[in-house]
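Everything on this sheet refers to the single structure shown next.
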Amino acid sequence: MNRRTRVRFAPSPTGPLHMGGVRTALYNYLYAKQNGGDFILRIEDTDSHRFVPGAEEYIIEALRWCGILPDEGVDASGHVVETPSERHPHAPYRQSQRRGIYRKYAEQLVEAGYAYYAFDSSAELEKARAEAEASGQTFIYNQTTCKGLRNSLTLSAEETAHLLETTTDWTIRFRMPENTVVKMDDLIRGHIEVNTDTLDDKVLWKRADELPTYHLANIVDDHLMEITEVIRGEEWLPSLPLHYMLYKAFGWEDSMPRFAHLSLLLKPVGNGKLSKRDGDKLGFPVFPLQWTNAEGEKSRGYREDGYFPEAFVNMLAMLGWNPGTEQELFSLQELVKAFSLDKVQKAGAKFNPDKAKWFNKEYLRLKDDASLAELFVPVLKEHGIAVEDCPGGMDYLVKVVHLIKERATFVADFWDIAWYLFNAPTEYVEKDAAKFWKEENYELAFKVAHFVCAYDGPWEKTSIESALEEYIRGNEWPMGKVMNCLRLALTGSGSGLGIADILSFIGKDEFLRRMEAAGAKLGK
RNA sequence: GGUGGGUUCGUAUAACGGUUAGUACUCAAGAUUUUCAUUCUUGCAAUAGGAGUUCGAUUCUCCUACCCACUACCA
336 MNRRTRVRFA
346 PSPTGPLHMG
356 GVRTALYNYL
366 YAKQNGGDFI
376 LRIEDTDSHR
386 FVPGAEEYII
396 EALRWCGILP
406 DEGVDASGHV
416 VETPSERHPH
426 APYRQSQRRG
436 IYRKYAEQLV
446 EAGYAYYAFD
456 SSAELEKARA
466 EAEASGQTFI
476 YNQTTCKGLR
486 NSLTLSAEET
496 AHLLETTTDW
506 TIRFRMPENT
516 VVKMDDLIRG
526 HIEVNTDTLD
536 DKVLWKRADE
546 LPTYHLANIV
556 DDHLMEITEV
566 IRGEEWLPSL
576 PLHYMLYKAF
586 GWEDSMPRFA
596 HLSLLLKPVG
606 NGKLSKRDGD
616 KLGFPVFPLQ
626 WTNAEGEKSR
636 GYREDGYFPE
646 AFVNMLAMLG
656 WNPGTEQELF
666 SLQELVKAFS
676 LDKVQKAGAK
686 FNPDKAKWFN
696 KEYLRLKDDA
706 SLAELFVPVL
716 KEHGIAVEDC
726 PGGMDYLVKV
736 VHLIKERATF
746 VADFWDIAWY
756 LFNAPTEYVE
766 KDAAKFWKEE
776 NYELAFKVAH
786 FVCAYDGPWE
796 KTSIESALEE
806 YIRGNEWPMG
816 KVMNCLRLAL
826 TGSGSGLGIA
836 DILSFIGKDE
846 FLRRMEAAGA
856 KLGK
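Quick note, the first sequence lines up with residues 336 to 859 if you use the numbering used here.
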């Protein structure tokens, strides 16, 4: 059968999407685009208790920031699609808005004998679990244990009908067949077999809130939305047999999607999966965008930390997948071309914050000076510098950026690297001052300063540099000591940009002012 | 506990069953530079352990160890 490729990313709006989720969405997107198919965003909000306000908006915004744009889904074309249309025959894409369609599928299964009504209360189930645990066993709700429980398999038809009418906390459970080997295939992991005796009778539909559970909603929606591949996290692998059985029970085996289970993203140190805590502790974001929870606690985001979305996406793509070549830098379009599920790693990938920074540094270098200068403007503003304050305005910024971009990882670094091209130093690093601001040095430095300011060649880096060097060498003065002394006056410390570079930006007058200021503060 | 998945330098990964087990990040050293950074060069460092199949195993099989996930009327 030749079907159009359709994949979906189906998050639950229970909080901000974390970077592992973004990676899952990305792989889905890449797979869809590579195969000329559709990428669908579906919101799985069938758990009314865990709903978190703002989470859905967060997910949409995060994906948009990454450039992972759905062809269909709640935010297709930038607005919420709630009603079916020619372009969106599968709408709505929010399961809470689809609630009406699931019950009949659950009941269809009951009629066909693949499911049954269960009337056990939560309290009864908890008791059964506690008892089993007390005797060192695990309670499994299956065809053996349910014989001792209240359900449509043990009660008479009349009793069942009566309870269905009069009570509202019953569920529909899948009837897992006994001692049957489920044979499954995973695009990443290969062939897997599981015996149904280790599985339990999962709840498919809950009368109490008239909502399906994940398993039912997922299978029904994937079927209705004509999903061809399900690419999701490894935590779903244990549910795969159930999902296979459901497709079989519905008679949808022919159109059953193929499955690919992605390994988890692991924390950089120690064991276990990446969590919010690790980010706070080790100082890196685990979320694409900043998030503030109901208690007002903020979690940092890659966007707010200054990462470029391209760098973030590229980094994520390489975490658990590789192109088989030595290329590391990929645009989203290149990823679409190169991506392949069979090069996805089976083992979990430990996240490496250093590598994430490296990616950003590479992307920063790739950007042109003019656009980086634009991005620098708000940073400058935070430090009280307006573009108009700079001689030459934007031109000045473009030149600054050109000079320093190779030294930076983030745009915000520009300020730390080159603040003294905008402000005169008011403090001098004590250690450096002690080392470089010595009488035998600053006497020479002042002479150099006056010489250079009297020099009437073009005021640009190379000529300033040669004037400086010729003068100092000509006098046989110690180059290093004089230069460092000058740098101390210009930057307030013993490290920084080249003297000629700095001078070309700040000009003669400012040069002399800074020399005098240093002399006034440090003595001369 | 049970079930399933996983295991190549510290990290991410490469290697038709045949390579001196490669690359990138990190780290270290050296070169360059007026300092710092950049850049360049070099270096450190791995097939979890044990059987088996094979002329030959990182690669295939089994066992052990360890790690992870799942084991809800959550997703």
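Backbone N, C-alpha and C define an ideal beta-carbon position, used for all residues, glycine too.
Every value quoted in this text rests on a predicted model; they were computed, and no experiment measured them.
Secondary structure at residue 562, three-state DSSP: helix, strand or coil?
-> The count along the first sequence starts at 1 and reaches residue 562 at position 227. Residue 562: coil per DSSP, three-state reduction.
The alpha helix (DSSP H) spanning residue 440 covers which residue range?
-> In the first sequence, counting from the first residue as 1, residue 440 sits at position 105. Its alpha helix (DSSP H) spans residues 437-446.
Give the straight-line distance between the Cα atoms of residue 745 and residue 543, rounded to the nearest whole angstrom.
-> Your numbering for residue 745 matches position 410 in the first sequence. Your numbering for residue 543 matches position 208 in the first sequence. Taking the straight line joining both Cα atoms gives about 51 Å.
C-beta atoms of residue 602 and residue 577 nearer than 7 Å | As a first step, residue 602 must be located in the first sequence, where it is residue number 267. As a first step, residue 577 must be located in the first sequence, where it is residue number 242. No. Outside cutoff.
Rounded distance between the beta-carbons of residue 539 and residue 595, thought under 8 Å = Here residue 595 refers to the residue found at position 260 of the first sequence. Here residue 539 refers to the residue found at position 204 of the first sequence. Not confirmed; about 24 Å, so no contact.
For the alpha helix (DSSP H) that residue 594 lies in, which residues bound it at each end?
-> Within the first sequence, the letter at position 259 stands for residue 594. Looking at the DSSP string, residue 594 is not in any alpha helix (DSSP H); the run it does join, the beta strand (DSSP E), is 593-597.
Do you know whose CA, among 844, 851 and 843, lies nearest residue 827's CA?
-> Residue numbering aside, residue 827 sits at position 492 when the first sequence is read from its first letter. Here the closest residue by C-alpha is 851.
Check the DSSP bridge columns for residue 600 and list the partner residues they point to.
-> The sequence position of residue 600 within the first sequence is 265, counting from 1. DSSP output for residue 600 lists 684 as bridge partner(s).
Among the residues of its own chain, which have a CB less than 6 Å from the CB of residue 619, if the five just before and after it don't count?
-> Here residue 619 refers to the residue found at position 284 when the first sequence is read from its first residue. Hits under 6 Å: 688.
Just the Cα atoms here: how many angstroms apart are residue 443 and residue 645?
-> Locating residue 443 in the first sequence gives position 108, counting from the first residue. Locating residue 645 in the first sequence gives position 310, counting from the first residue. Distance between the alpha carbons of residue 443 and residue 645: 47 Å.
Would you decide whether residue 487 is buried or exposed? Buried here means 16 or more other CB atoms lie within 10 Å of its CB.
-> Here residue 487 corresponds to residue number 152 of the first sequence, with the count starting at 1. Buried, since its Cβ has 16 or more Cβ neighbours within 10 Å.
Mind pulling the alpha helix (DSSP H) runs of 4 or more residues that sit fully within the region 428-500?
-> 437-446 and 457-469
Endpoints, the beta strand (DSSP E) within which residue 400 is located | Position 65 of the first sequence, counting from 1, holds the residue named residue 400. Here residue 400 belongs to no beta strand (DSSP E); instead the alpha helix (DSSP H) covers 390-401.
Can residue 667 and residue 402 be called in contact, C-beta distance under 7 Å?
-> Stepping through the first sequence from its first residue, residue 667 is reached at position 332. Stepping through the first sequence from its first residue, residue 402 is reached at position 67. In contact: residue 667 and residue 402 (Cβ atoms closer than 7 Å).
Contact between the region 645-662 and the region 371-387 (3+ Cβ pairs under 8 Å) = no
Report back the beta-carbon spacing between residue 369 and residue 766 to the nearest angstrom; my notes put them in contact at under 8 Å.
-> Stepping through the first sequence from its first residue, residue 369 is reached at position 34. Stepping through the first sequence from its first residue, residue 766 is reached at position 431. Wrong, their Cβ atoms sit about 56 Å apart, outside the cutoff.
To the nearest angstrom, report how far apart residue 516 and residue 607 are at their CA atoms.
-> In the first sequence, the residue the question calls residue 516 occupies position 181. In the first sequence, the residue the question calls residue 607 occupies position 272. Those two C-alpha atoms are separated by around 31 Å.
Residue closest to residue 574, alpha-carbon to alpha-carbon, out of 356, 548 and 589 = To locate residue 574, count along the first sequence from 1; it is residue 239. Of 356, 548 and 589, the residue nearest in Cα terms is 548.
Quick one: any contact between the region 692-705 and the region 434-443, if contact means 3 or more CB pairs under 8 Å?
-> no
Have a look at 533, 521 and 506 and flag the residue whose alpha-carbon is nearest the alpha-carbon of residue 513.
-> On the first sequence, position 178 is the one that residue 513 refers to. Answer by Cα proximity: 533.
Could you give the DSSP three-state label for residue 809: helix, strand or coil?
-> Taking the first sequence and counting its residues from 1, one reaches residue 809 at position 474. The answer is helix: DSSP assigns residue 809 an H, G or I state.
With 16 other Cβ atoms within 10 Å as the buried cut-off, status of residue 430 = Here residue 430 refers to the residue found at position 95 when the first sequence is read from its first residue. Under this definition residue 430 is a buried residue.
Is DSSP giving residue 859 helix, strand or coil here?
-> In the first sequence, residue 859 corresponds to position 524, counting from 1. If DSSP states are grouped into helix, strand and coil, residue 859 belongs with coil.
For residue 650, which of 342, 345, 348 and 355 has the nearest alpha-carbon?
-> If you number the first sequence from 1, residue 650 lands on position 315. Per the Cα distances, 355.
Hey, quick one: how far does the beta strand (DSSP E) through residue 529 stretch, first residue to last?
-> For the purposes of this step, residue 529 is taken as the residue at position 194 of the first sequence. Its beta strand (DSSP E) spans residues 525-530.
Using the Cα positions of residue 357 and residue 344, report the straight-line distance between them to the nearest angstrom.
-> Indexing the first sequence from 1 puts residue 357 at position 22. Indexing the first sequence from 1 puts residue 344 at position 9. The alpha-carbon atoms of residue 357 and residue 344 are separated by roughly 9 Å.
Continuous alpha helix (DSSP H) stretch holding residue 373: start and end | What you label residue 373 is simply residue 38 of the first sequence in a count that begins at 1. No alpha helix (DSSP H) holds residue 373; the beta strand (DSSP E) holding it covers 373-376.
Is the beta carbon of residue 562 less than 7 Å from the beta carbon of residue 339?
-> On the first sequence, position 227 is the one that residue 562 refers to. On the first sequence, position 4 is the one that residue 339 refers to. No; because the gap between Cβ atoms is not below 7 Å, this pair is not in contact.
If you draw a straight line from the alpha carbon of residue 718 to that of residue 743, how long is it in whole angstroms?
-> Numbered from 1 along the first sequence, position 383 holds the residue referred to as residue 718. Numbered from 1 along the first sequence, position 408 holds the residue referred to as residue 743. Going by the C-alpha atoms only, they are around 18 Å apart.
Could you say which of 605, 551 and 361 lies nearest to residue 400 if we only look at CA atoms?
-> Locating residue 400 in the first sequence gives position 65, counting from the first residue. That would be 361, whose Cα lies nearest to the Cα of residue 400.
Is DSSP giving residue 381 helix, strand or coil here?
-> Here residue 381 refers to the residue found at position 46 of the first sequence. It is coil, neither helix nor strand.
What is the DSSP secondary structure of residue 717, counted as helix, strand or coil?
-> Sequence index remark: in the first sequence, residue 717 carries index 382 (1-based). Helix.
Evaluate residue 556 with the Cβ neighbour count: other Cβ atoms within 10 Å of its Cβ, from every protein chain shown; 16 or more gives buried, anything less gives exposed.
-> For the purposes of this step, residue 556 is taken as the residue at position 221 of the first sequence. With 16 or more other Cβ atoms within 10 Å, it is buried.
Based on the DSSP output, what are the partners of residue 547 in its beta bridges?
-> What you label residue 547 is simply residue 212 of the first sequence in a count that begins at 1. Residue 547 pairs with 540.
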